[in-house]
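Student: If you're matching positions, the sequence shown starts at 6 in my numbering and goes up one per residue.
Input: one structure, supplied below.
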Amino acid sequence: MTSIEDIDHVAAGMQAIVDTARRRDSPVGYFAAMYLGVTGVVRKGLEDGSFTTPDRLARLTRVFAQRYLDAWHAHESGGTPSGPWGVAFSAAEQWRPTVLQHLLLGMNAHINLDLGIASATVAPGLAIHDIRPDFDQINHVLAGLVQGIQDELNRVSPFYRFVDDVGGAVDREVINFSISRARASAWRFATELAGDDVDAEGARVSRRDLDVTRLARDIVHPGLVATGLFVVRLTEWRSPSDTIDILSGAVHRAVVRA
């Protein structure tokens, strides 16, 4: 397959998750709708010739995205996905988590666990240092979608706008900080993993899975912040399918602007 065909393949898989979520009226489609934007921006960059290493970036994007798709298919078939994806998919079957929490759960699993594994898979050993520009590019694309998503959250719940007005966009800062910290941690994980032998690699991934799963549980049950999030959830009056459409529209506009 060509680089663009690689991207189209994983984008079709994510679109299938979005379509399934719409039919089920399920929050499981929130992250998929947002993440489609990453593949859209990468595809556009490949067409425009704006990437210095297009084939390598496309491969990293494909391997990275495929981990999400594999986790989804494992969940759908009654299997066991990685720990943080298991928490994210289970949360989609609960009423209480907010749209913001669902998005953070997806980003937590995908950046904190999947990105490091995908990077070490594409570039094992010392080659890991050669893909740093591609690693940063994918993260830049994902972070670039946050602003558009934040603006659309105000259409999901009026309370998100209230938080913006009163708290100086506190929730946007939380998302951006999470992405920034997760990206740095993911790169350290990738470089450590790339240098491991097979036995050490398996043990490191297992430890990482446990750590990221704990963080996922903290996102679902955030302690003192839980009461405030419950108030936000009460004001999220749109259905999950409507919210997916809102997020999809925001992502489409972000891809066009890229």
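A virtual CB, placed ideally from N, CA and C, is assigned to each residue, including glycine.
All values derive from a computational prediction rather than experimental measurement.
Distance check for Asn-117 and Asn-144, CA to CA, integer angstroms please.
Tutor: For this step, residue 144 is matched to residue 139 along the sequence shown. For this step, residue 117 is matched to residue 112 along the sequence shown. Computed Cα separation, rounded: 12 Å.
Student: Going by Cα to Cα distance, which pick from Arg-262, Gly-149, Ala-97 is closest to Pro-245?
Tutor: For the purposes of this step, residue 245 is taken as the residue at position 240 of the sequence shown. Taking only the C-alpha atoms, the option nearest Pro-245 is Ala-97.
Student: Going along the chain, which residues of its own chain have a beta-carbon closer than 7 Å to the beta-carbon of Ser-124, five neighbours each way excluded?
Tutor: The residue given as residue 124 occupies position 119 in the sequence shown. Same-chain partners within the cutoff: Leu-65, Ile-133, Ile-136, Phe-140, Ala-195.
Student: Exposed or buried, Thr-44, counting other C-beta atoms within 10 Å across all chains shown (16 or more means buried)?
Tutor: Start at 1 with the first residue of the sequence shown, and residue 44 comes out as number 39. Looking at its Cβ environment, which holds 16 or more other Cβ atoms inside 10 Å, Thr-44 is buried.
Student: In angstroms with no decimal places, state the Cα-to-Cα distance between Gly-130 and Val-260.
Tutor: Taking the sequence shown and counting its residues from 1, the one referred to as residue 130 is at position 125. Taking the sequence shown and counting its residues from 1, the one referred to as residue 260 is at position 255. Taking the straight line joining both Cα atoms gives about 34 Å.
Student: Can you give me the C-alpha to C-alpha distance between Thr-126 and Thr-240, rounded to a whole angstrom?
Tutor: Working through the sequence shown from its first residue, we reach residue 126 at position 121. Working through the sequence shown from its first residue, we reach residue 240 at position 235. Whole-angstrom Cα-Cα distance: 43 Å.
Student: Would Ala-231 be called buried (16 or more neighbouring beta carbons within 10 Å of its own) or exposed?
Tutor: Looking up residue 231 in the sequence shown gives position 226. With fewer than 16 other Cβ atoms within 10 Å, it is exposed.
Student: Which value, in whole angstroms, describes the spacing of the CA atoms of Ser-92 and Thr-218?
Tutor: The count along the sequence shown starts at 1 and reaches residue 92 at position 87. The count along the sequence shown starts at 1 and reaches residue 218 at position 213. Note that residue 92 is Val in the sequence shown here, rather than Ser. Cα-Cα distance, rounded: 7 Å.
Student: With a threshold of 16 other CB atoms inside 10 Å of the CB of Ser-284, please say whether the residue is buried or exposed.
Tutor: In this structure the chain extends from 6 to 263, so residue 284 is not present and cannot be described.
Student: Thinking Ile-22 and Arg-48 are a contact (beta carbons under 8 Å), I'd like their distance in whole angstroms, please.
Tutor: Locating residue 22 in the sequence shown gives position 17, where the first residue counts as 1. Locating residue 48 in the sequence shown gives position 43, where the first residue counts as 1. That pair is no contact at about 18 Å.
Student: Assuming Pro-39 and Leu-108 form a contact by the criterion Cβ under 8 Å, report the distance between their Cβ atoms to the nearest whole angstrom.
Tutor: Position 34 of the sequence shown holds residue 39. Position 103 of the sequence shown holds residue 108. Here residue 39 is Met; the residue named in the question, Pro, does not match the sequence. The pair is a contact, with the Cβ atoms about 6 Å apart (cut-off 8 Å).
Student: If we count the other Cβ atoms within 10 Å of its Cβ and call it buried at 16 or more, is Gln-142 buried or exposed?
Tutor: Taking the first residue of the sequence shown as position 1, residue 142 is located at position 137. So Gln-142 counts as buried.
Student: Whose C-beta lies closer than 6 Å to the C-beta of Val-161 among residues of the same chain, with five residues either side of it excluded?
Tutor: In the sequence shown, residue 161 corresponds to position 156, counting from 1. Result list for Val-161: Val-104, Glu-241, Arg-243, Thr-248, in chain order.
Student: Would you decide whether Val-256 is buried or exposed? Buried here means 16 or more other CB atoms lie within 10 Å of its CB.
Tutor: Numbered from its first residue, the sequence shown carries residue 256 at position 251. Burial call: buried.
Student: Please report the distance separating the alpha-carbon of His-115 from that of Arg-209.
Tutor: On the sequence shown, residue 115 is found 110 positions in, with the first residue counted as 1. On the sequence shown, residue 209 is found 204 positions in, with the first residue counted as 1. For His-115 and Arg-209, the distance between alpha carbons rounds to 17 Å.
Student: Which of the three DSSP states is assigned to Phe-140 in this structure?
Tutor: Counting from 1 along the sequence shown, the entry for residue 140 is found at position 135. Reduced to three states, the DSSP call for Phe-140 is helix.
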